[in-house]
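Just so we're aligned, residue 1 is where the sequence shown starts under full-length UniProt numbering, counting upward by one. Beta carbons: idealized from backbone N, C-alpha and C, even for Gly. These notes concern the structure reproduced below.
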Amino acid sequence: MKCNLSSRSFHSVHVQYDNMPPTKQEIRIEKKMKKMAALAAISELNRREEASASTANPEPESKRPKIDEEDMSPEKATLTKEEYKELKKALDEKKRQLKSVPKIKLKTAGEVASLSVRACERTPIFLEDIQHLLMNSAFGKESPQTPWRWCNIEKVQQITQTVVLVIEGIYLYHFSAFESLFGETNRIFKTKLETVMPPYEDGRVLEEFASLPLTLSQQELLIAQYGSLEAALEIMHDPVLMLRSIFPIEVTTKTEEEDPEATGEKEKLPPEDVFSRTKLLLSPLQMVDEGYPLPLRGEIATKCRDYLLTEDVYKEVTSQSPMFGMDCEMCRTTLGFNELTRVSIVDEEYKPVYETLVMPPNRIIDYLTPYSGITADTMKGVTKTLEEVQQEIRELLPPDAILVGQSLNMDLNSLGMMHPYVIDTSVIYNLTGDRRFKSKLQVLAREFLGEMIQKKPEGHDSVEDSVATLKLTKLKLSKGIEFGDLGLQKRRKQKRKEENFDELLADIEGKILKKGLAKPRKNLSTLIVSSNATKVDYEKYIESRRMQLPVVEEKDSANISCFMKKSNKAAVSKTCASIMDAAFVFTHLKIDPKNLADDKVEGALTRVDQWIGKIWNSLAVNGLLVVLMGGSPISSSGVSLMEVKKLSKSGKPPHLGGVKDYGKKKKQKSEKSTPSIELKRAKEMRKRVKKKSPKIKLKAPGEAALLTVAAKERKSLLCEHIRHLVSKALLASDSPEVPMEWCHLEKKQKIPQAAVLIVDGLELSHFSSHREGFPKCKSIFLSRYDTLMPLFRRGHVLDELIEISLSDQEKRRLIKKYESLENATNVEFFLQEEEKMEIKREPIADDTFSRLKLLLSPLQMVVSNYPLPTKITASTRNYVFTQDRYAHVTAQSPMFAMDCEMVKTSFGFNEVVRISIVNEDCESIYETFVRPQRPVIDYRTDFSGITAEIIETATKTLKDVQDDIRNLLPADAILIGHSLNADLKALRMIHPYVIDTSIIYNVKGDQKRCKLRELAKMYLEETIQWHPLGHDSIEDSRTCMKLVKKKLSQGIHFGDLLMQKLKETEYDINTLGGISESPEEKNISGNLLGYVLNHSKDAKITIVATENTATDYERLIPKQLRGSERISVSVKKNNKAAVKKSCKIIPEATLSFTHLSVEEDELKEGKIAETLEKIDEWIEQIWTSVAVHGLCVVIFSGSRESRSGLTFAEFRKVDLVDNKQILSS
């Protein structure tokens, strides 16, 4: 009765909404009624379940809420007032304890540094990142630096103390190879990251940590001196130290007379400089944030694998090191990226010392003349290559050269070079006070130099830009470190006088443990404990480096306690004994290299594990423990472990001096303290609903396509990926396609429907540059994916999603021309219409089926990690096409087998040193050795057959080999190889027509691939790769060619267990992938519509479109279903009418498509805001029409000018306030 009344009241409110807008009071009343109705309905449902419990089969006990039978009695169904107060008090206490637990949550930069990531894909963090973490934990919200780049500390104010344990002598190898010995450590720490440690020298770890005072009083003095701790940190920072761990920098040993620090004299500066130019150098962390190329592992290494160092070995940079201004100009090529076309370098006297034009390896399609100043006439007769420019720059620059430029990361990336000493004018000058916003070089030159640059009608001048950046840097060096930096000036309370600058520099150089920062507690201090093995006297170091500030309080000495112990064991014992009396603890241990010998290493590492456990047990609750392992002469790869100690299960935290003991006795459960059954059931039902909601869990390719990833690093999904998601969501296990390449679909609830909205004419740039125009869309869809739209029939993604993209007549024509629709799609993916040509060849009698059926599709190439010419693989920036223009590939196109041998060079890169190519007769037509660009560290003779003597005789460069291959291969050549993606990547080349023997032969019937020698033994009865001198690339190439020719002669099922299984079940091979190549009438299950209708008899499909889309939708429907009531097609005059129609019929449809079109006139400057606002409203209307747990997909399908599209995908979740949705779920 109560539920019926609520329903009638609910209805009356909606009637009122139709007449006039509701007031706030009416909205509140409506929400209350919803909650009351939901509670009443759930209570009624529970009573019915209890009444029928004796006859119905009960659910498994694990899936039902655990409720005692005694609690079912009416006497105990409600709480008394006193019991309710006690329960509320206990819950509040539990909430307070949960709120006081700090947590470290990793971001992307932290996750890729985790030891759980494969070593080749891992990108380490820096010691500076750990410093920021410790700074934040010590100061809380007042910290001048936070670890925002790689992690976030939740409830940082609740951290009671910070403990740092540094263990020198052991590094990443010891922790990874002897992981079983670190049992206690692995139990304690969940966060384990690879970290770049400073160079191995006594005191280097201390020097890297030393930058800020130890006590509160010294902190206040620094704020008075510099305006803020952040300003002091930036001024005092020395970026050179960590560069030595990354670049090969030769450390110069200085005598006491030459060392300014030892003699107490000031460092010699050039006459015009008032501070050292090394203060302006970018640190490694800044270089990572700004996108500079660095010789690191992981994603950075993938981008920089072919980059060269400007020197083999660098000298240590000083205040006297020469500066060179550099600027490059680029043009856009067929690769889709901007490639180098001009480079200019000037010296400190503003004289050009290097100036040249460069011919990019790929054809120029856009000269970008307004920005580059380059024209077609300018590039006539230019022959100099990028490789020649790289060698000339290496010979020109001295080993300690400092490169100066505006956003120099772009220039170094275009040059394909890495340099350690960089000054970036876009970083050292800041006009906004916010580091995220940078000023253009033109603005900086006008404001500070009084010069007007980049005003020439013929475009920018790289020499002019180089001179401007050098002038700006020299001006800052002559004025002061705060000049032109509003960020530093804003933090300073009083302007510094230039005549006191020398004294200030003396203050800056006094550095004391950057992390030893005490929180404002009267009875807590900083504790420093070390062993004699570290050879660092901390007490003497602190005294010698004490800040020479106007006032120093005597109590500072008492707040800093230093202890030097004889052994590591004694140092750990002292730390455990005194740890509760300090807010910041720094313990420094060092393992003797003798104890790391083969017979002693296990015992030494076991003791380290025990020491970590002891310190952890002595740590206060909510205390942060950070363990750093590094400082080895063998490797700079260290390990950082970090964890916050939580409250024990007993609820009794250890006592911390000066902090109130909040541990209390656990109250016994009262028999009457159980809440009502209705409340328990309601809470349990809400939990079930949340758990049953379907989710999209992204894999690495899906995460790389998110718009949150930087545009340069972002990869794109294909339209096929979206179709796979829709198919899997609706068809479940019956789906012929799954989105396994980019995501995983968690379906704990049946998905009732899928609604797809396609908007032609909109592209990615419209959303990126007008995000304020999509407020509703952004609130609905949290995941937004960069999607490459199909070039074939541009702008019609609906065709691609349904898979029948052509009429029968047009399809027959393409099959006749390309042999298959899949091959036609492959051709269109790589080539523009005007670039294609045809080559007539004689038919081949030996093939039983077309060789085109063995070609890899674009999706297969993406999954198999082949280099592609689009931003799908952003790492192909410096790749070269095997041809400028390709021809149509046919069944008569020639095949060439190729194999490369590689060696491992410096920084872990693989470089090609031998290449072999054979023709269809297995005759060698190309064989050469290649000189590697970097020093070889591993010849891999057992696999490559390469030795040092062989490489010494090699004269050809990689560029020479690329030119040879481009001249050798015809425009329709088919390349064959075993895992050919590795060979093409080593050659830095892209080719569209590929047959991979590791894919076309499937011995196991799954995704696991066989080795080439196993396939040769099984199908050719030949033994290869047996020679003790290593592999032979000619032998491997011939084997691949024989395997492909045998498959062509035996049939498409030969050697493929999966295809043979499909043949046994009489499955139509031609319909694999959803594309039917038969010219006859199409099977009903050949497209997505047929699969959906066959899956369920009640399934319905709707297509709503506008007249502007100009598409024949009848052809999308299989012939057997045309005229069926289960499929409806509606064409409306405009977008508004189409959306209105869709909202009416979507609730009844299993699969619905809404196809809208935006005209070019609607996207002009005066109308675009209004147009995007309408589209945002239409997206919301479609979303609200989708059923609970239904999938909603919105696609911006690009335009005629751009293939860059955008996809939104989200499952509609249950509104826990709406009783109808709760009961239906």
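Per-residue DSSP class, three states only, for residue i
{"i": "residue 352", "result": "strand"}
{"i": "residue 1131", "result": "strand"}
{"i": "residue 304", "result": "coil"}
{"i": "residue 424", "result": "strand"}
{"i": "residue 96", "result": "helix"}
{"i": "residue 123", "result": "coil"}
{"i": "residue 33", "result": "helix"}
{"i": "residue 408", "result": "helix"}
{"i": "residue 770", "result": "coil"}
{"i": "residue 287", "result": "helix"}
{"i": "residue 316", "result": "coil"}
{"i": "residue 582", "result": "strand"}
{"i": "residue 393", "result": "helix"}
{"i": "residue 565", "result": "strand"}
{"i": "residue 1189", "result": "coil"}
{"i": "residue 114", "result": "strand"}
{"i": "residue 634", "result": "coil"}
{"i": "residue 862", "result": "helix"}
With 16 other Cβ atoms within 10 Å as the buried cut-off, status of residue i
{"i": "residue 96", "result": "exposed"}
{"i": "residue 1212", "result": "buried"}
{"i": "residue 424", "result": "buried"}
{"i": "residue 937", "result": "exposed"}
{"i": "residue 932", "result": "buried"}
{"i": "residue 989", "result": "buried"}
{"i": "residue 60", "result": "Only weak support is given to the placement of residue 60: the predicted model assigns it a pLDDT of 45, under 50, and the value that follows is read from those uncertain coordinates. Counting Cβ neighbours within 10 Å, residue 60 comes out exposed, since fewer than 16 surround it."}
{"i": "residue 411", "result": "buried"}
{"i": "residue 317", "result": "buried"}
{"i": "residue 162", "result": "buried"}
{"i": "residue 277", "result": "buried"}
{"i": "residue 349", "result": "exposed"}
{"i": "residue 450", "result": "exposed"}
{"i": "residue 418", "result": "buried"}
{"i": "residue 1027", "result": "exposed"}
{"i": "residue 400", "result": "buried"}
Beta-carbon gap between residue i and residue j smaller than 8 Å
{"i": "residue 1041", "j": "residue 922", "result": "yes"}
{"i": "residue 1257", "j": "residue 954", "result": "Look at the range of the chain in this structure, 1 to 1225, and you will see that residue 1257 is not part of it."}
{"i": "residue 1030", "j": "residue 943", "result": "yes"}
{"i": "residue 1100", "j": "residue 1148", "result": "yes"}
{"i": "residue 195", "j": "residue 639", "result": "yes"}
{"i": "residue 785", "j": "residue 1207", "result": "yes"}
{"i": "residue 848", "j": "residue 716", "result": "no"}
{"i": "residue 1163", "j": "residue 630", "result": "no"}
{"i": "residue 1192", "j": "residue 755", "result": "yes"}
Opposing strand residues paired with residue i [DSSP bridges]
{"i": "residue 785", "result": "706 and 1207"}
{"i": "residue 89", "result": "Partner(s): none; residue 89 has no beta bridge."}
{"i": "residue 378", "result": "In the DSSP output, where bridge partners are listed per residue, residue 378 has none listed."}
{"i": "residue 333", "result": "364"}
{"i": "residue 641", "result": "192 and 627"}
{"i": "residue 326", "result": "345"}
{"i": "residue 587", "result": "165 and 529"}
{"i": "residue 1056", "result": "1002"}
{"i": "residue 1153", "result": "756 and 1103"}
{"i": "residue 1137", "result": "For residue 1137, which the question treats as bridged, DSSP gives no partner whatsoever."}
Any non-hydrogen atom of the ligand GDP closer than 7 Å to residue i Cβ
{"i": "residue 154", "result": "Of the ligands one can find in the structure shown there are none, so the ligand GDP has no counterpart to examine."}
Quick one: complete alpha helix (DSSP H) runs, 4+ long, within the UniProt domain "Exonuclease" (894-1053)? 941-944, 948-952, 958-968, 980-987, 997-1000, 1012-1015 and 1033-1050
Please give me, in chain order, every unbroken run of the alpha helix (DSSP H) with length at least 4 that falls completely inside the region 417-479. 425-428, 441-444 and 462-479
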